[in-house]
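In our numbering, each number is its position in the sequence shown, counted from 1, plus 282.
Below is one structure; the comments refer to it alone.
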Amino acid sequence: LHAAANAINAELPSAATTRALFAREMNDTTRLCSWSPFNQYWNLQALGNANLMQYALASTRLCWGTMLRLGKGCFWELYSPAWAQTMRDGDKAPTRPSYCHPWSSGVTHWLTEAHAGLRPLQPGFAQYVATPYTAARNPSVAATIDTPHGALRVAAAATDAEVRVRVSAAVAGRVGLRRVRDDGCVLLGWNASD
């Protein structure tokens, strides 16, 4: 699993090999989540880099979402989604993980950049790009991040007929549209934002 993710992230395989690696190594929910959420970040990134955003977002719900419920908002050092089926509020994990482990929170970075599409173009977000991801199963996204120039907010919502993107920022940036239609077509567009 991790070798396949590393190959995809390094952009070594062809598109056909990437599809084969996904089918063989990354399309099984019983194996998809790494024992270490820190290492799961690389698997998540590979799904996004392979343009398999729906799978990537589903993996965030499976591998981190259930952990958020058990951890009351904290990310654990070690985790198995199976624990969410047997653990009750206040139970201790079957192992001895750190219950608030900053290295396990890579999902927040990935969601900010890949799903909300917020990235700096200059240090400190003096200029930014916003390319939120929407799709039929994931028709909307909203995010806010604090920058030295104030809050940067993006919200996107899609219907069959249109995609609306709204950005609020104190500095100029670029706004892009990234949407995967049901037929697999990726729509891209750019606009300057003041």
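Beta carbons: idealized from backbone N, C-alpha and C, even for Gly.
When you compare each of S362, P319, F320 and L334 to R301 by their alpha carbons, which one comes out closest? The sequence position of residue 301 within the sequence shown is 19, counting from 1. Out of S362, P319, F320 and L334, L334 has the C-alpha closest to the C-alpha of R301.
Using a Cβ distance threshold of 8 Å, determine whether the stretch 339-346 contacts the stretch 314-321, with at least three qualifying pairs required. yes
Could you tell me which of E307, G353 and H391 sits nearest to H284, measuring between CA atoms? As a first step, residue 284 is located in the sequence shown; it is residue number 2 there, counting from the start. Answer by Cα proximity: E307.
From V436 to A424, what does the alpha carbon distance come to, in whole angstroms? To locate residue 436, count along the sequence shown from 1; it is residue 154. To locate residue 424, count along the sequence shown from 1; it is residue 142. Between V436 and A424, the C-alpha separation is close to 6 Å.
My output table needs one value for S341: the three-state DSSP class, helix, strand or coil. On the sequence shown, residue 341 is found 59 positions in, with the first residue counted as 1. S341 falls in the helix class under three-state DSSP.
For T441, is the classification buried or exposed, using 16 other Cβ atoms within 10 angstroms of its Cβ as the cut-off for buried? As a position in the sequence shown, residue 441 is number 159, starting the count at 1. Counting Cβ neighbours within 10 Å, T441 comes out exposed, since fewer than 16 surround it.
Would a C-beta distance cut-off of 8 Å place V447 and P414 closer than the cut-off? Position 165 of the sequence shown, counted from the first residue, corresponds to residue 447. Position 132 of the sequence shown, counted from the first residue, corresponds to residue 414. In contact: V447 and P414 (Cβ atoms closer than 8 Å).
Going by C-alpha distance, which of A408, N331 and R370 is nearest D428? Residue 428 sits at position 146 when you count from the first residue of the sequence shown. Comparing Cα positions, the closest option is A408.
Just to check my reading of the structure: G353 and Y323 have Cβ atoms closer than 8 Å, yes? What is that Cβ distance to the nearest angstrom? Sequence index remark: in the sequence shown, residue 353 carries index 71 (1-based). Sequence index remark: in the sequence shown, residue 323 carries index 41 (1-based). The C-beta separation of G353 from Y323 comes to about 16 Å, leaving the pair out of contact by the 8 Å criterion.
Spatial distance of C356 from A433 (CA atoms): For the purposes of this step, residue 356 is taken as the residue at position 74 of the sequence shown. For the purposes of this step, residue 433 is taken as the residue at position 151 of the sequence shown. Cα to Cα, C356 sits roughly 23 Å from A433.
From what residue to what residue does the beta strand (DSSP E) around Y496 run? The question about residue 496 has no answer here: the residues shown for the chain are numbered 283 through 476.
Which value, in whole angstroms, describes the spacing of the CA atoms of Q367 and A417? The residue labelled residue 367 in the question sits at position 85 within the sequence shown. The residue labelled residue 417 in the question sits at position 135 within the sequence shown. If you take the alpha carbons of Q367 and A417, they lie about 29 Å apart.
Under the three-state reduction of DSSP, which class applies to P405: helix, strand or coil? The sequence position of residue 405 within the sequence shown is 123, counting from 1. In the structure shown, P405 sits in a helix (DSSP, three-state: H, G or I).
Proximal residues to N288 (C-beta, below 7 Å), its chain only, five neighbours per side dropped: Indexing the sequence shown from 1 puts residue 288 at position 6. W324.
Straight-line Cα distance separating G372 from A398: Taking the first residue of the sequence shown as 1, we reach residue 398 at position 116. Taking the first residue of the sequence shown as 1, we reach residue 372 at position 90. Taking the straight line joining both Cα atoms gives about 33 Å.
Distance between L326 and P379 (C-alpha atoms, nearest Å): Here residue 379 is taken as the residue at index 97 of the sequence shown, counted from 1. Here residue 326 is taken as the residue at index 44 of the sequence shown, counted from 1. Each residue's alpha carbon lies about 21 Å from the other.
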